[in-house]
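Residue numbering for the first sequence follows this note's numbering, beginning at 1065 and increasing consecutively. Below you'll find the structure, written out as structure tokens, and then a few comments.
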Amino acid sequence: MLNLAMPQNSYPRPLPRRFFSQNALEVTRRLIGKTLVRFLDDDILMGKIVEAEAYIGENDPACHAFRGLTPRTRVMYGPPGFSYVYFTYGMYFMLNAVCEREGFPAAVLIRAVEPLEGLDKMMELRKIEDPLKLANGPGKLCVAFDIKSELNAIDLTSKVSNLQLCAGKDVAHVKWTSRVGIREGSDKKWRCFIPGNKFVSPGKIKLRPRKS
DNA sequence: AGAATGATCCTCT
DNA sequence: GAGGATCATTCTC
């Protein structure tokens, strides 16, 4: 559907690759306030990033690259600015942006966005109405933005990609806490979010007891 | 409010 | 086979 309120030449521009080549914590901090843009056949969806987490290198036990280079983690070892989309819990996709230099595996998990544009389509995809709950978690966000494995390893900095990370309004104040839903590595305060923002995820995931 | 459970399947061991 | 960067629903207190 043609959106007359926002003509094409006023879409935010994709962030440059050098943005993602910085260290992962810097990228995480600076992604807060930026815009996630998704182009569908008949809709354009946008959201303001309000929460993100860093996963950094082979020594971070919560990072998928902790177990080294595998077919799945290959994209994390590639150049910055690409998507790392993976499937988990038998049900959900997670969206990451690869960062740091090529050869060093690191990525930023986009955990929550505040919906800005295309709310009707997000409601249809999510099958709920409440704007506060459309994308306030990494799994929900991927449903709301129709992000699946076919969007893995795509260039988020290209203006022809149908998933982009774009300019936004800088956020003055953020808070850092432990990452959500992980078993090890919770000593590191690598989760960044806008304190008080209503679109941030609940941040409480119950880990199932491990058999052993 | 907090705990338990089902959904559901890809990736790595 | 096991476990997982989750979520919604259903319980129990």
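C-beta atoms are modelled at their ideal positions from N, C-alpha and C, and glycine is treated no differently.
Pick out whichever of the options has its Cα sitting closest to the Cα of residue i.
i     : options                    : result
R1093 : R1102, R1243, V1238        : V1238
P1076 : R1165, L1180, V1091, E1166 : L1180
R1131 : E1117, A1170, F1146        : A1170
A1199 : D1234, L1159, F1168, A1088 : L1159
E1090 : E1122, S1265, E1166, W1254 : W1254
S1265 : H1128, E1178, D1210        : E1178
T1241 : D1234, S1250, K1233        : S1250
L1215 : M1186, F1146, A1236        : F1146
K1262 : V1244, K1197, D1210        : K1197
R1081 : I1218, G1203, S1213, D1234 : I1218
A1236 : I1096, A1088, F1084        : I1096
I1246 : A1231, D1234, G1267        : G1267
I1211 : G1121, I1174, N1087        : I1174
E1088 : G1232, T1099, I1120, S1074 : Checking the sequence, you will find Ala at residue 1088 rather than Glu. The shortest C-alpha separation from A1088 is found at I1120.
G1232 : L1189, K1098, S1074        : K1098
G1142 : S1213, I1269, P1195, F1084 : F1084
Since residue i contacts residue j with CB under 8 Å, what's their CB separation in whole angstroms?
i     : j     : result
L1229 : L1079 : 5 Å
V1172 : C1163 : 6 Å
A1208 : V1114 : That belief does not hold up - the Cβ atoms of A1208 and V1114 are roughly 14 Å apart, past 8 Å.
A1161 : E1248 : 23 Å between Cβ atoms; not a contact.
Does residue i pass the burial test, meaning 16 or more other C-beta atoms within 10 Å, or should it be called exposed?
i     : result
V1224 : exposed
E1117 : buried
T1152 : exposed
R1272 : exposed
G1260 : exposed
G1167 : exposed
I1258 : buried
M1140 : buried
M1155 : exposed
R1274 : exposed
K1252 : buried
R1243 : buried
K1185 : buried
K1112 : buried
D1124 : buried
Quiz item: With contact counted as at least three CB pairs below 8 Å, one residue from each stretch, are the stretch 1132-1140 and the stretch 1094-1107 in contact?
Solution: Result no; under three Cβ-Cβ pairs closer than 8 Å.
Quiz item: Which runs of the beta strand (DSSP E) fall wholly inside the stretch 1081-1116 and span at least 3 residues, in chain order?
Solution: Runs of the beta strand (DSSP E) inside the stretch 1081-1116: 1099-1103.
Quiz prompt | Whole runs of the alpha helix (DSSP H) within the stretch 1174-1212, excluding any shorter than 4 residues | solution = Listed in chain order, the complete alpha helix (DSSP H) runs (minimum 4 residues) inside the stretch 1174-1212 are 1183-1190, 1202-1208.
Quiz item: Which residue spans inside the stretch 1224-1256 form an unbroken beta strand (DSSP E) run of at least 3?
Solution: The stretch 1224-1256 contains these whole beta strand (DSSP E) runs: 1227-1230, 1239-1241.
Exercise. Taking only runs that begin and end inside the stretch 1107-1163, name each unbroken beta strand (DSSP E) of 3 or more residues, in chain order.
Key: Within the stretch 1107-1163, the runs of beta strand (DSSP E) at least 3 residues long that lie entirely inside it are, in chain order, 1108-1120, 1147-1152, 1156-1162.
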